[in-house]
Every structure is written in C-alpha cells, then in structure tokens.
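*Asks:* Here you go, one structure.
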Amino acid sequence: AQSVTQLDSQVPVFEEAPVELRCNYSSSVSVYLFWYVQYPNQGLQLLLKYLSGSTLVESINGFEAEFNKSQTSFHLRKPSVHISDTAEYFCAVRTTQGGSEKLVFGKGTKLTVNP
Amino acid sequence: NAGVMQNPRHLVRRRGQEARLRCSPMKGHSHVYWYRQLPEEGLKFMVYLQKENIIDESGMPKERFSAEFPKEGPSILRIQQVVRGDSAAYFCASSPMQADEQYFGPGTRLTVT
Chain A
662 AQSVTQLDSQ VPVFEEAPVE LRCNYSSSVS VYLFWYVQYP NQGLQLLLKY LSGSTLVESI
722 NGFEAEFNKS QTSFHLRKPS VHISDTAEYF CAVRTTQGGS EKLVFGKGTK LTVNP
Chain B
36 NAGVMQNPRH LVRRRGQEAR LRCSPMKGHS HVYWYRQLPE EGLKFMVYLQ KENIIDESGM
96 PKERFSAEFP KEGPSILRIQ QVVRGDSAAY FCASSPMQAD EQYFGPGTRL TVT
C-alpha cells in the first residue's frame with residue numbers, strides 16, 4: 662500500500678527565512694504527488710503537483726517542490742517565507758487501483774512564521 | 036463557478052443521534068470523494084462515488100456509516116448513532132473525471148457530545 666511520511670509535525674521559522682518541509686512516499690507504481698495547504702478552519706487548497714515531466718514544480722506564490730525518485734521524496738521549499746504562509750501543509754500521493762482512485766495524505770506539517 | 040460546497044460547516048450531535056453531511060460538487064463534476072480528518076492526523080480516504088454509484092468504500096467503517104450520490108442533489112455522508120470518536124472534520128472533494136485534480140470543500144466539523 663502506498664504511504665506518505667511527513668517527518669516534521671511542526672516547523673517554526675522567522676519571516677524571510679528559507680524553509681523546507683519534508684515528504685517521503687512509498688509507492689511501487691507510477692507516482693503522482695501533491696502538496697496541499699490548509700489555512701485555519703478552511704479546506705485544502707492545491708499548492709502544486711507532480712504528474713510527469715520536469716521534476717521541479719513551482720507554485721504561483723514562491724513555493725517549489727522537487728520529485729526525487731531515488732530518494733522517494735517530494736520536499737517543499739520556499740527561499741523566503743511570509744507571515745501569511747503560516748498554515749498546515751499536507752503532502753499526498755494519488756493511488757489508482759481496481760478502477761478506483763484516492764489521495765493518501767501525510768499527517769501534515771504546521772508551518773508557523775514568526776515576525 | 037462556485038467551488039465545492041459543504042453544509043453544515045459545523046454540526047453538533049449528542050451520542051446516539053444521526054449526522055447528515057452534504058456535499059455539492061463543482062458544476063460539471065461527477066466524481067465525489069469523502070475524507071475524514073481526525074485531530075492531529077492527516078486526511079483519511081473514506082469513499083469514492085460517481086453519480087448513483089459507489090466506486091470504492093474501502094475507507095468507510097463497516098457499521099453506522101453510509102454514503103450516496105444521487106442523480107439529482109448533493110452527495111450525503113450519513114453517520115448513524117454517532118459516538119464521540121466520530122468527532123472530526125469531514126471533507127468532500129470533487130473532480131470532473133477520474134484521475135483529475137480533486138477540489139476540496141471547506142469541510143464539516145462534527146462534534147459529538
């Protein structure tokens with residue numbers, strides 16, 4: 662079964678500092694990976710996704726993630742964070758089996774950006 | 036185009052009561068997914084439905100939980116005889132086709148007292 666591990670449950674950083682949120686997955690088939698962001702009391706918003714092609718994917722608000730097949734990782738990075746980036750971030754892998762598909766999520770990483 | 040709608044946003048039920056959670060997918064989307072988020076946990080898949088069909092309910096508890104997505108109207112997640120352990124946030128997502136991006140609703144936060 663596919664699984665996702667987010668190694669850090671909480672990451673506190675100062676504003677304008679760089680940040681990396683780690684994500685490792687286990688999968689024996691083609692991999693489709695996602696990062697979602699959840700602001701307090703809201704639903705999930707797609708931040709970026711890897712389906713195929715370039716292993717480096719970027720979002721419109723400065724985040725990027727790199728698919729590393731050999732290390733089975735899809736870490737999320739931002740070179741300089743803002744207060745408004747404070748949220749919970751979920752890594753997910755899409756699984757397709759027997760005509761069904763679903764997202765398998767990690768437990769999430771709470772990013773807190775302090776002034 | 037309105038996003039995925041869920042109601043109610045907050046629901047309080049006493050133990051033993053029934054909870055009905057509604058999800059209206061985005062216009063043109065015929066695939067609906069339900070996920071549950073327990074405190075301090077990530078989202079866990081519950082069920083995948085297309086119009087009038089349950090495709091995969093492997094994540095649904097065997098008892099008390101059911102889901103439907105009728106030809107007309109929203110998808111419903113029904114929890115009978117709720118217990119305190121059912122307290123969680125329930126998220127619905129929709130997609131236009133299988134293997135497309137899933138768009139999430141704001142969630143329903145169920146509290147069982």
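Protein chains in written order, with the numbering used here: chain A, 662 to 776; chain B, 36 to 148.
In this text, a Cβ means the ideal position worked out from N, Cα and C, and glycines have one as well.
In the DSSP output, what is residue 761 of chain A paired with across the bridge?
*Replies:* A/758
*Asks:* Can you give the Cα-Cα distance for residue 129 of chain B and residue 770 of chain A, rounded to whole angstroms?
*Replies:* 24 Å
*Asks:* Hey, residue 127 of chain B and residue 67 of chain B: beta-carbon distance below 8 Å or not?
*Replies:* yes
*Asks:* What are the partner residues of residue 771 of chain A, as DSSP defines its beta bridges?
*Replies:* A/671 and A/749
*Asks:* I need the straight-line Cα distance from residue 706 of chain A to residue 691 of chain A, nearest angstrom please.
*Replies:* 23 Å
*Asks:* I'd like to know whether the C-beta of residue 125 of chain B is nearer than 8 Å to at least one C-beta of chain A.
*Replies:* no
*Asks:* How about residue 757 of chain A: is its C-beta nearer than 8 Å to some C-beta of chain B?
*Replies:* Under the 8 Å criterion on CB atoms, residue 757 of chain A is classed as interfacial with respect to chain B.
*Asks:* Give a yes or no on whether the minimum CB-CB distance between residue 705 of chain A and chain B is below 8 Å.
*Replies:* yes
*Asks:* Where does residue 135 of chain B fall in DSSP's three states?
*Replies:* coil
*Asks:* Can you name, in chain order, every residue of its own chain whose Cβ lies under 7 Å from the Cβ of residue 64 of chain B, other than the five neighbours on each side?
*Replies:* Counting only Cβ-Cβ distances below 7 Å, and skipping sequence neighbours, we find 129, 130 and 131.
*Asks:* Could you give the DSSP three-state label for residue 744 of chain A: helix, strand or coil?
*Replies:* Annotated three-state conformation of residue 744 of chain A is helix, per DSSP.
*Asks:* Any idea what DSSP makes of residue 683 of chain A, helix, strand or coil?
*Replies:* coil
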